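Heads up: the structure comes next, in structure tokens.
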Amino acid sequence: MKTLYDPTREELTEILHGEPRYRIDQLWTGLYQQFQTPYDISTLPAALRTRLAEVLPSSLIEIKRVSTDNEDTVKFLWHLVEGIYPIETVLMFYRDRATVCVSTQAGCAMGCGFCATGQAGFHRHLSVGEIVEQVVRSAHEAQLRGRRIDNIVFMGMGEPLANEPAVWGAVERIHGDIGISARHITVSTVGIIPGIRTLATRPLPVNLAVSLHAARNDLRNELVPINTRYPLSDLIAACQDYLAAKRRRVTFEWALIDKVNDTDRDAHELAELCLQLSPSAHVNLIPLNPTPGWPTVGSPPARVAAFEQLLRRLGVNATTRQNRGTDIAAACGQLAAGQPVAITAKAKSKSQ
Ligand code: SAH
Ligand code: SF4
16 MKTLYDPTRE
26 ELTEILHGEP
36 RYRIDQLWTG
46 LYQQFQTPYD
56 ISTLPAALRT
66 RLAEVLPSSL
76 IEIKRVSTDN
86 EDTVKFLWHL
96 VEGIYPIETV
106 LMFYRDRATV
116 CVSTQAGCAM
126 GCGFCATGQA
136 GFHRHLSVGE
146 IVEQVVRSAH
156 EAQLRGRRID
166 NIVFMGMGEP
176 LANEPAVWGA
186 VERIHGDIGI
196 SARHITVSTV
206 GIIPGIRTLA
216 TRPLPVNLAV
226 SLHAARNDLR
236 NELVPINTRY
246 PLSDLIAACQ
256 DYLAAKRRRV
266 TFEWALIDKV
276 NDTDRDAHEL
286 AELCLQLSPS
296 AHVNLIPLNP
306 TPGWPTVGSP
316 PARVAAFEQL
326 LRRLGVNATT
336 RQNRGTDIAA
346 ACGQLAAGQP
356 VAITAKAKSK
366 SQ
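First residue of the sequence shown? That's 16 in my numbering, and the numbers climb one at a time after it.
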């Protein structure tokens, strides 16, 4: 089933055959520049709006929206119209920019034990329209607050490079029609090498983030099971080729887990991998966020700071990611789309 944000402009012209070109222009501008629903595009005749709703329905139904107390983070819980699966999108406002974190699959098949999405298992891939609609509806929400969206990160539920064709279709729409430049678009992967290689052949230089979490194969096999298929040396080679093709820096994401991957030895191993790349990889440290199915806790703040400092001393550019939305279960790795999560219950009781 095609939904409202699936067709390209050419496909839309075909689907709405018989409509004059200026009507398609009005619709396209309304959808991608003004973030309106067809129903709200007042320049369109009523008959066309009805026809659109029939042939190209919206793909997401908003079930719930939760915000942090200061409203700087908004989490949307949607149901996909097709298949009624729940997915989530997170919109984060900063002083000078706003970022949308989109989902690319309902669930995830990669099975990383510390991630709530991985714990919930895989349902299905999202389509281009289902990914793009998350961006458009977030942009609409930002617009209502007098803000614009600046960055798109493919870091919500799912593994983007296991669904690369749809992700790429969405990137093209986000870039070409919504007008967000490639350097403000980041695709995060657990390390699907064929996906990284395909991405390297695509025409736009989007940022690549790789969720490393361990810099030796025995530990990474445990934390990120797909490492047994795509081991570290091959992964680093694929990153180097991506760098060469795109002239962008690669970021390594590293969720710091207490006494598991936060020792000085880990920092030395990580630094060695980063410095193998040219230019050297940037490290984004994320203190592990709690999830219901994983007993281990995040590293204490002093250890996070020490790990970051050691990386810097070893010549690696490292930053610690600001933790956003933990109290509404919207932080990294906590997206489980309405699964009964202890933290969600806490957030609910707080708002009652
Ligand atoms: N599947 C992709 C993108 C989604 S996950 C990937 O794995 O890269 C986005 C980031 O959150 C990844 O770096 C992921 O490893 C990290 N993450 C997962 N669970 C987490 C948790 N409990 N705490 C902190 N970060 C987590
Ligand atoms: Fe999937 Fe990424 Fe979570 Fe691993 S960390 S289970 S790849 S969403």
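Heads up, the beta-carbon is just placed ideally off N, CA and C, and yes, glycines get one too. Quick caveat, the model's predicted, so the values are computed rather than measured.
Given residue i as reference, the closest of the options once Cα atoms are compared
i      : options                           : result
Arg160 : Ala224, Arg110 and Trp269         : Arg110
Ser118 : Arg217, Ala333, Glu26 and Thr201  : Thr201
Leu258 : Ala62, Gly173, Val221 and Ala135  : Val221
Thr44  : Leu325, Leu234 and Gly194         : Gly194
Gly173 : Val70, Ser196, Arg152 and Gly206  : Gly206
Ala351 : Tyr20, Gly171, Leu141 and Ser142  : Gly171
Ala75  : Gly308, Arg162, Pro246 and Ile102 : Checking the sequence, you will find Leu at residue 75 rather than Ala. Selected option, being the one with the closest Cα: Ile102.
Arg280 : Ala321, Leu27, Val225 and Ser82   : Ala321
Ser47  : Ala131, Pro53 and Val151          : In the sequence on display, residue 47 carries Tyr and not Ser. Checked all of Ala131, Pro53 and Val151; the closest Cα to Tyr47 is Val151.
Leu329 : Cys116, Lys261, Gly98 and Ser295  : Ser295
Val331 : Cys289, Ser248 and Leu106         : Cys289
Opposing strand residues paired with residue i [DSSP bridges]
i      : result
Gly313 : Ile272
Trp93  : Glu77 and Ile102
Pro302 : Leu271
Thr114 : Met107 and Asn166
Gly265 : Here residue 265 turns out to be Val, not Gly, going by the sequence shown. Val265 is bridged to Leu223.
Ile200 : Ile167
Ser82  : Val89
Arg328 : None; Arg328 has no bridge partner.
His138 : In the DSSP output, where bridge partners are listed per residue, His138 has none listed.
His297 : Thr266
Range of the contiguous alpha helix (DSSP H) that encloses residue i
i      : result
Gly242 : Residue identity check: residue 242 is Asn in the sequence provided, not Gly. It is not in any alpha helix (DSSP H) - Asn242 carries neither H nor E in the DSSP assignment.
Val143 : Val143 to Leu159
Gln134 : Ala131 to Ala135
Val186 : Glu179 to Gly191
Ile30  : Arg24 to Ile30
Thr18  : That residue, Thr18, is in no alpha helix (DSSP H); it is neither H nor E in DSSP.
Ala345 : Unbroken run through Ala345: none, as it is neither H nor E.
Ala282 : Asp279 to Gln291
Ala333 : Per DSSP, Ala333 belongs to no alpha helix (DSSP H); it is in the beta strand (DSSP E), Ala333 to Thr335.
Arg64  : Ala61 to Val70
Val40  : Sequence inspection shows Asp at residue 40; the Val mentioned does not correspond to that position. Here the alpha helix (DSSP H) through Asp40 covers Arg36 to Tyr47.
Thr213 : Ile208 to Thr216
Delimiting residues of the beta strand (DSSP E) encompassing residue i
i      : result
Gln349 : Counting along the chain, Gln349 falls outside any beta strand (DSSP E), and DSSP gives it neither H nor E.
Gly122 : Gln120 to Gly122
Any chain C beta carbon closer than 7 Å to residue i
i     : result
Glu69 : You won't find chain C in this structure, because it holds only one protein chain.
* Asked: So, do the segment 335-354 and the segment 301-316 have three or more beta carbon pairs nearer to each other than 8 Å?
  -> At 8 Å Cβ cutoff, the stretches touch.
* Asked: Between the segment 283-300 and the segment 332-342, do at least 3 Cβ pairs fall closer than 8 Å?
  -> Judged by Cβ distances under 8 Å, the segment 283-300 makes contact with the segment 332-342, as three or more pairs qualify.
* Asked: Is the segment 266-284 touching the segment 225-240 in the sense that three or more CB pairs, one from each, lie closer than 8 Å?
  -> The segment 225-240 and the segment 266-284 touch, with no fewer than 3 CB-CB distances between them shorter than 8 Å.
* Report yes or no: do the segment 177-194 and the segment 137-154 share at least 3 C-beta pairs separated by less than 8 Å? => Enough Cβ pairs lie closer than 8 Å, so yes.
* Which residues count as close to the ligand SF4 when the rule is a CB under 7 Å from any of its heavy atoms, in chain order? -> Selection output, chain order preserved: Cys123, Met125, Gly126, Cys127, Cys130, Thr132, Gly133, Met172, Gly173, Glu174, Val205, Ser226, Val239 and Gly348.
* At a cut of 8 Å, does the segment 50-66 reach the segment 31-38 through at least three beta carbon pairs? -> The answer is yes - the segment 31-38 touches the segment 50-66, with three or more Cβ pairs under 8 Å.
* Asked: Taking one C-beta from the segment 119-126 and one from the segment 83-91 each time, how about it: are there three or more such pairs within less than 8 Å?
  -> As far as the Cβ criterion goes, the segment 119-126 does not touch the segment 83-91, which means the pair count is below three.
* Asked: Does the segment 65-76 come within contact of the segment 16-36, defined as at least 3 CB pairs closer than 8 Å?
  -> Three or more Cβ pairs closer than 8 Å define a contact, and the segment 65-76 meets that threshold against the segment 16-36.
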